[in-house]
Every structure is written in structure tokens, then in C-alpha cells.
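Asker: Shown below is the structure under consideration.
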Amino acid sequence: MNETEPTGVSQVDVTPGRRRSPLAVSVVAAAVLLAGGGTYLAVAAAGGERGGTEQAAVADNRGAPPPTAGDGGTTAPGIAPGEPDPGGATYRVAGTLPDGPGTAHTYRPKGTVDADDVARLADLLGVEGTPVEEHGAWRVGPQKDGSGAVLRVDAQAPATWTYHVGGPVTDNCPKGKKVCPPDGGGSGKPVGEDAAKRAAAPVLEGLGLADARLDASQVMDGVRVVNADPVVAGLPTYDWSTGIRVGSGGAVVGGSGRLLEPVRAAEYPVMTAQEAVAELNEAVGHRDGRIGGCATPVPNGGPQAPDVMGGAAEPTGADPAAPCEPGRTPLPPKERVTIRGAAFGLAGQLEKGAPALVPAWLFDAERENGERYRFAYPAVPVERLAPEPDEAGGHLRVDRYEARDRTLTVWFTGGVCSRYTVRAEETATQVKVRLYETPVELDRACIALGVDLSDTVTLRVPLGDREVVDAVSGEPVPRK
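Under numbering that gives the first Met the number 0, the residues of the sequence shown are numbered 0 to 479, in order.
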């Protein structure tokens, strides 16, 4: 071989999924719970409830079915096609899946927001005060004691915003206000789904989301969340929702979303739905059962984005809970999932390191117990969306390797909240190994842990006496 040829592509998903090669997990460091856009979210410690029978898995979590209360035990690592399934899922297709459009565009928010943009949002939410810019974000609301309603909006795209109540306020609704002052919302019986949708309607309409797909099945401590998934370029979306929290008194008490609308960006060739299922079945990974991959509710007939926690947009002093709600347990062993249908749409993901809506397949799946759920999987190969490692301000290092015939196994340190693509490029004298990292989703709070990962790629010919090098640094990789 005289020219460089990409020969092996393998993906490591350290969120719920399957695996082919050994995956050694070691805790390197624990950090904080983070959510998309750099926003700190205080995750509800208890009281989460789910309504309805149809659920959605987290965007791009390899489609692992949502755990149920009856699924006892812990989850073992997953499998690849044809291997025994110790704790993940394999996928079979019932019927015929669509081919898709062949090519499709991503959609990415661009630009900044100014004080007028923030003031209009504050008016929709009934937040009083003048927008003040601080540390790259806008703030409206009390500056000292934290009581009352507070709105924060990131100045840069996608202009993520959070609205929450920092203290008790009255039940009186000032004349002319579109949103009554919140009641704190955490005590009492939650309002019904229809009532919550009516309460959220003025805000959603003002944000241009009157035609969005709505789900109001999520309940947290007496607060009902109305999640709105926009339709972009005529396509359904996933993991790009605006969430409006409605308290037990029927008032809007919190919410979050993105203020800037995504605009058409790069065009990519896309996989068919059948090709996406094949890639899904080839995935490898480790399932923790608590970190990443938590299912979220979906209304009948539509996809649903991840939970919108709302609440405080800054640390509250309470210990953050695990990202999954109490009562969530791992999958039973040897789960076989049937894919009943697929719709082409857009899902929240990182494109070249920036939040974007990327072409995706929204799969309707059924578990062995008859439970239905929906999940999203990118229709664009992950390595095409990821930034080149030398453009990402640093890169993942390959720690060591082992070779047996045409099988090359590499070890590296990654995180539990990302999926990793391992790609090998061969020349006559070298095999260059390159790693790509893609966060599982944009808006799921996830604890930051370092894990020791390994995966295999298949070479065109045995390694022989060729050198294995890091494709970015050019440094030789030690043999195990």
C-alpha cells in the first residue's frame, strides 16, 4: 500500500449500548453535573414521575430501551451482532424502513442576542427588570437576595436561556401580564396536562412555537413540564426542545430553551434507516444505568427531547443527584428490540464542536415486554460531524495497542458522557489511529468521569512490522 487508506472504523459508546471488545472502566476524576450550553442545572433529587406508555430514549444513545421499574439488577456491557447479549440490546427490523433523502442539511443557530431580544423574552415570562450583561450572559431579575423570578440568557448562539423562581411570590396576576407571578410550584398536586399546555401556550406562541409538538407527561415535585419540539424545515426534531414548567397553582414557574433559531448550514450524505440500524447493532459500550442514556417521555405520535429540569440556573447548595430519576434501573439481559418504523428528522448534536440540528432517524421501537418508545440516531456518520482533533484545541491520546493478525485493539481514556469513534488509516509502513469524541446529547446533565476504554478495528492486512502512531501528534503508540 503506497497511499494512506482508511481501513477500520469502530465506535465506542460508553453510554447504554452494546460492545464487542473488552472495556475496562476506571474512575479517573469526578467533576460536576453539566448540561448543554455550559449551564449548571440543579437536578431533581426525587419525585420524578412519568406519564403515558410511550417513551423516548436519549438522543443518540444507541437506542437502548428505557429501563422500567421491573427491570432488576445491574447492567452488564452490551454486545455486537451474533454474540450473547449480557445486558444490552440487539435490534431487528419488522417491515421495511425508508431510504431517506440521500443528502440533507444541518441547521445551526448563529449570532448573538442583545438587550432588546432578552427584554422581549422577559416580557413573555413576566420577569420584571432591565437586562444586565455579565460574564457573557444576560440577566433579568433581582441581583441580591435571589427572590422572585430570574431569567438568564447566554449572549452567544444558541442563546440558551433558563428561567426560574428563587423564592416565594404572590398568587396575584398583575393586569396585562401574559404570565402570572409563579407560586414556587413545588408543593401540591400537579395540574393536568391540558391545563399545563394552556398555561404554557402564551410563552410558546411568543417564541414562535405555536405549531411545535407538545408533551406534558413529565412531573417533578408537583411541577408539570410542557416540552415543545419545534418543526424545522418541515422535519420533526429531537433533543432541541423548549421546556416550560407549570406549578401546582397553574402558573409558569420556570423553563429553558434556545432563543436563536437554527438556520440551514452544511449538507451531508445520509445513511438509510437500514444502514443506521446496522451501525446501531455494531456499537460497543458500557452501561452504567445512571449516567447518560436515561429515557424521557414522548407524546403519542411524536418524538420527545430530553427532560428540561428548569429550576435554578446556578448552584443552589444542594448536592446534585444522579442524572437519572429515582427508580430507574438497568436493562434486563438479552433484550431484543424490534424497530417498527422510522421517520427522517433532525436531532440535537454537535457539528464541528458547535450545537446544531443534524439529520437523524427517529426510530419507533418495541421492547420484548411490549413497551413502545422512540429514540434518535444520527443519519450522518459521527466522524463527519466531529471536528478534526487538531482543530478542537487538543485531542484524545491513544495510550497503547495490541495486534493479533488483522485485529488492532487500542486503549484510550475517555468519558462516560460521550461516544468515541476509532479510525485507522494504513500505509505501507504505518497504521495511523485517530479518535473522535461526540457528546451523547446536548441537554442531559451528566457527571464527568474519566474511564479507560478499549476497542478494536480490523486492518486490511496484518499489522506485521508496521508502526502504530497517533494520527494527530505523529507520536508512536506503545505496544501493550
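Even glycine gets a Cβ: it sits at the ideal position worked out from N, Cα and C.
At the level of alpha carbons, what is the spacing between TYR106 and ARG151?
Answerer: Each residue's Cα considered, the two are about 24 Å apart.
Asker: On a Cα-Cα basis, can you pick out the residue from GLY253, GLN273, ASP228, TRP160 that is closest to THR337?
Answerer: The shortest Cα separation from THR337 among GLY253, GLN273, ASP228, TRP160 belongs to GLN273.
Asker: Going by other Cβ atoms of all chains shown within 10 Å of its Cβ, with 16 needed for buried, is SER417 buried or exposed?
Answerer: Buried: at least 16 other Cβ atoms inside 10 Å.
Asker: Taking just the CA atoms, how far does VAL126 sit from THR295?
Answerer: Here the model assigns THR295 a pLDDT of 36, short of 50, so the residue's position is not dependable, and the following value carries that caveat. If I take the Cα positions, the gap works out to 29 Å.
Asker: Which whole-angstrom value is the C-beta distance of ALA385 and GLU424, which I expect to be below 8 Å?
Answerer: Incorrect: roughly 15 Å between the Cβ atoms, too far for contact.
Asker: Is the segment 360–378 touching the segment 339–349, taking contact as three or more C-beta pairs under 8 Å?
Answerer: Segments in contact, yes.
Asker: Which whole-angstrom value describes the C-beta separation of ALA355 and PRO229, a residue pair presumed to lie in contact below a C-beta threshold of 8 Å?
Answerer: That belief does not hold up - the Cβ atoms of ALA355 and PRO229 are roughly 14 Å apart, past 8 Å.
Asker: Pull up the distance between the alpha-carbon of ALA215 and that of TYR267, whole angstroms please.
Answerer: Roughly 34 Å between the two C-alpha positions.
Asker: Answer yes or no: do THR426 and THR455 have a C-beta to C-beta separation smaller than 8 Å?
Answerer: Against a cut-off of 8 Å, the Cβ pair of THR455 and THR426 comes out as no contact.
Asker: From VAL450 to ARG138, what does the alpha carbon distance come to, in whole angstroms?
Answerer: Their Cα atoms are separated by approximately 37 Å.
Asker: Please determine, among THR89, ASN280, ASP153, ALA88, the residue with the shortest C-alpha to C-alpha distance to LEU120.
Answerer: Ranking the options by Cα distance to LEU120, first place goes to ASP153.
Asker: Please classify GLY256: is it buried, with 16 or more other beta-carbons within 10 angstroms of its beta-carbon, or exposed?
Answerer: Burial call: buried.
Asker: Given this structure, state the Cα-to-Cα distance separating LYS196 from GLY207, to the nearest angstrom.
Answerer: The straight-line gap from Cα to Cα measures roughly 15 Å.
Asker: Under DSSP, the beta strand (DSSP E) around ALA346 begins and ends at which residues?
Answerer: ALA346 -> beta strand (DSSP E) spans 334–350.
Asker: Pick helix, strand or coil for ALA250, following the three-state DSSP scheme.
Answerer: Of the three classes helix, strand and coil, the one that applies to ALA250 here is coil, per DSSP.
Asker: Please report the residue range of the beta strand (DSSP E) in which THR268 lies.
Answerer: The amino acid occupying residue 268 in the given sequence is Pro; Thr does not appear at that position. Element bounds for PRO268: 262–268.
Asker: Using the beta-carbon count (16 or more within 10 Å), is HIS134 buried or exposed?
Answerer: With fewer than 16 other Cβ atoms within 10 Å, it is exposed.
Asker: Identify the continuous alpha helix (DSSP H) that holds GLU381 and give its terminal residues.
Answerer: Residue 381 is actually Val in this sequence, not Glu. First-last of the alpha helix (DSSP H) with VAL381: 381–384.
Asker: Look up ALA93 in the DSSP assignment and say whether it is helix, strand or coil.
Answerer: Residue state, collapsed to three classes: coil.
Asker: Name the two residues that bound the continuous beta strand (DSSP E) containing PRO354.
Answerer: Taken as a continuous stretch (DSSP letters only), the beta strand (DSSP E) holding PRO354 covers 353–365.
Asker: For ASN368, name the three-state secondary structure that DSSP assigns.
Answerer: Looking at ASN368 - three-state DSSP - the assignment turns out to be coil, as it is neither helix nor strand.
Asker: Quick check: the Cα distance between ALA45 and ILE446, rounded to an integer number of angstroms?
Answerer: Note that ALA45 scores a pLDDT of 27, beneath 50, so its modelled location is shaky; the value from the coordinates is reported in the next line. Rounded to the nearest angstrom, the two C-alpha atoms are 17 Å apart.
Asker: Using CA atoms only, rank isn't needed, just tell me which of GLY253, ALA148, LEU234 is closest to ALA341.
Answerer: It is LEU234 whose Cα lies nearest to the Cα of ALA341.
Asker: Please return the same chain residues whose Cβ sits closer than 6 Å to the Cβ of GLU401, not counting the five positions on each side in sequence.
Answerer: Same-chain partners within the cutoff: THR408, LYS479.
Asker: Comparing C-alpha positions only, which one of MET270, ALA227, ALA158 sits nearest to THR236?
Answerer: Closest by alpha carbon: ALA227.
Asker: Hey, could you find the ends of the beta strand (DSSP E) ASP228 is sitting in?
Answerer: 222–228 is the span of the beta strand (DSSP E), which, as asked, contains ASP228.
Asker: Report the residue ranges of all beta strand (DSSP E) runs contained in full by the segment 441–474; include only those spanning at least 3 residues, in chain order.
Answerer: Fully enclosed beta strand (DSSP E) runs of 3 or longer: 445–457, 466–469.
Asker: Have a look at VAL224 and ARG399 and give me their C-alpha separation to the nearest angstrom.
Answerer: Computed Cα separation, rounded: 47 Å.
Asker: Thinking C-beta only, is VAL218 closer than 8 Å to VAL379?
Answerer: No, these two residues do not count as a Cβ contact at 8 Å.
Asker: Going by beta carbon distance, what residues of the same chain come within less than 6 Å of HIS104, once the five residues before and after it are set aside?
Answerer: For HIS104, where only same-chain residues beyond five positions count, the Cβ hits under 6 Å are ARG263, GLU266.
Asker: Does the beta-carbon distance from VAL467 to VAL460 come in below 8 Å?
Answerer: No, these two residues do not count as a Cβ contact at 8 Å.
Asker: With GLU367 and ARG335 assumed to form a contact (beta carbons below 8 Å), what rounded beta-carbon distance in angstroms separates them?
Answerer: 6 Å between Cβ atoms; contact.
Asker: Shorter than 8 Å from the beta carbon of ALA275 to some beta carbon of chain C?
Answerer: Note that chain C does not occur in the displayed structure, where there is just one protein chain.
Asker: With DSSP run on the structure shown, which of helix, strand or coil describes ASP193?
Answerer: Note: ASP193 maps to helix in three-state DSSP.
Asker: Measure the Cβ-Cβ separation of ALA148 and VAL131 and say whether it is below 8 Å.
Answerer: No, Cβ-Cβ distance for ALA148 and VAL131 is not below 8 Å.
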